[in-house]
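Let me begin by presenting the structure, written as structure tokens, before commenting on it.
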Amino acid sequence: MVASSLVFISISAILLSFVSTIVFAADSLRPSESIKDGGTLVSSDGSFELGFFIPGISKNRYLGIWYKNIPVQTSVWVANRCNPIINMSRMLTLNSSGNLVLLGHNKTVVWSSSSSSSKQAQKPILPLQDTGNLVVGDEKDNGVVMYSWQSFDYPSNTGLPGMKTGFNLKTGFNWVLSAWRNPDNPCPDDYTFCLESHTNPELYIMEGKTKMYRPGPWNGIRFSGVPELTTNQLFDFRLFTTKMKPVDGDDPLHCGEKHKDGFVKFSGLKLPEATNSWVDKSMSLNECGANCVSNCSCMAHTNLIIRGEGSGCVMWFGDVKS
Numbered sequence: 001m002v003a004s005s006l007v008f009i010s011i012s013a014i015l016l017s018f019v020s021t022i023v024f025a026a027d028s029l030r031p032s033e034s035i036k037d038g039g040t041l042v043s044s045d046g047s048f049e050l051g052f053f054i055p056g057i058s059k060n061r062y063l064g065i066w067y068k069n070i071p072v073q074t075s076v077w078v079a080n081r082c083n084p085i086i087n088m089s090r091m092l093t094l095n096s097s098g099n100l101v102l103l104g105h106n107k108t109v110v111w112s113s114s115s116s117s118s119k120q121a122q123k124p125i126l127p128l129q130d131t132g133n134l135v136v137g138d139e140k141d142n143g144v145v146m147y148s149w150q151s152f153d154y155p156s157n158t159g160l161p162g163m164k165t166g167f168n169l170k171t172g173f174n175w176v177l178s179a180w181r182n183p184d185n186p187c188p189d190d191y192t193f194c195l196e197s198h199t200n201p202e203l204y205i206m207e208g209k210t211k212m213y214r215p216g217p218w219n220g221i222r223f224s225g226v227p228e229l230t231t232n233q234l235f236d237f238r239l240f241t242t243k244m245k246p247v248d249g250d251d252p253l254h255c256g257e258k259h260k261d262g263f264v265k266f267s268g269l270k271l272p273e274a275t276n277s278w279v280d281k282s283m284s285l286n287e288c289g290a291n292c293v294s295n296c297s298c299m300a301h302t303n304l305i306i307r308g309e310g311s312g313c314v315m316w317f318g319d320v321k322s
């Protein structure tokens, strides 16, 4: 039985005022600069904009990223989700250590970025990329290298192409989408969109700890319970696993040699929950079936990947939950 230590779904001239505050849209911020109310960063292709905004009918202000060319302001990321700015004094700075700091009244820290990277940028720069990703990098002659922090690691309620939803078993880090409490308050609600760390990872929409919806395990092309969600010209989904490592598990029970149990074949179904499943990526479907039928605790089996002739094996033990 294996599980991955990293599993995730991926969806693919500066003008300054005399106080070094950006007043015309640039795509990057440096330690000598700051963004105040009315100042913004705009991605080089003009798709995304970073600045201060007021959601809905709220009077509070937040630092966020939104689509620049959509008439109705549509935010995709918020920094200070649960710590709004309630007065006119606000400023975003990038310090010499490469940390983003959002200051409020009397220069109190409202929000700041945190990085798990052991490397510190020698020449920090904060570009807003064409993907909508805000990154802290090291500015070199050949461009920006080594990201020590990025907004894609701290998603709000919107998934963008190139953003991950998943988990890292080594560090415990999770990439999770979380709903706003309401249109006026971006603080996370009880509803989340996450990937659970089974042997065959599966996406869920959760309300607190209650599973509200699942599209079924990944089958190599799509989520098994959403046949209409296939690759098209606009987007595709991909499942990545890296640094595989073994996971301890109980030895399965063995049935007697004279048993006559078998299986009924079903096609086009959403696969059961992956909670009690076991995965072998090297088995063929015939080998998978033979292993399952010889194990009296095996309740169902199928290919892990359905692309082409199919490959890999998934077996379910105990209660099979739909």
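Using UniProt numbering, the first residue of the sequence shown is number 1, and each one after it goes up by one.
Cβ atoms here follow ideal geometry from the backbone N, Cα and C, with glycine treated the same way.
Bear in mind the structure is a predicted one, so any value in this text is a computation, not a measurement.
Taking C-beta atoms as the reference points, asparagine 60 and isoleucine 86 count as a pair closer than 9 Å.
In this structure, phenylalanine 48 lies near aspartate 130, with their beta-carbon atoms less than 9 Å apart. In the displayed model, lysine 107 falls within a helix according to three-state DSSP.
Per DSSP, the beta bridge partners of alanine 26 are Leu41.
Taking all protein chains in view, the Cβ of aspartate 190 is surrounded by fewer than 16 other Cβ atoms within 10 Å, so the residue is classified as exposed.
About 11 Å separates the CB atoms of leucine 102 and serine 89; that is not less than 8 Å, and the two are not in contact. Following the DSSP letters along the chain, one finds cysteine 288 in no beta strand (DSSP E) but inside the alpha helix (DSSP H) bounded by residues 285–293.
In the DSSP assignment, asparagine 87 falls outside any beta strand (DSSP E), carrying neither H nor E. Comparing alpha-carbon positions, the option among Gln73, Ser32, Met212, Lys170 lying closest to glycine 51 turns out to be Gln73. Of the residues Ala290, Pro183, Thr210, the one whose Cα lies closest to the Cα of threonine 192 is Thr210.
Around the beta carbon of alanine 121, a 10 Å sphere encloses 16 or more other beta carbons of the protein chains shown; the residue is thus reported as buried. Residue burial is scored here from C-beta neighbours: phenylalanine 223 has at least 16 other C-beta atoms within 10 angstroms and is therefore classed as buried.
In this chain, the beta strand (DSSP E) harbouring tyrosine 191 covers 185–196.
Going by C-alpha positions, glycine 312 is about 21 Å away from valine 226. Of the other Cβ atoms in all chains shown, fewer than 16 fall within 10 Å of the Cβ of lysine 170; this residue is therefore exposed.
One Cα belongs to alanine 79, the other to tyrosine 62, and the distance between them is close to 7 Å. Counted as a single uninterrupted DSSP element, the beta strand (DSSP E) harbouring methionine 315 occupies residues 313–317.
Between asparagine 99 and valine 136, the gap from beta carbon to beta carbon is short of 9 Å. Within 10 angstroms of the beta-carbon of alanine 26 lie 16 or more other beta-carbons, which makes it buried. According to the DSSP secondary-structure assignment, proline 124 is paired through a beta bridge with Asp138.
In the three-state DSSP reduction, phenylalanine 173 falls in the coil class, being neither helix nor strand. The C-alpha of leucine 41 lies about 12 Å from the C-alpha of threonine 93.
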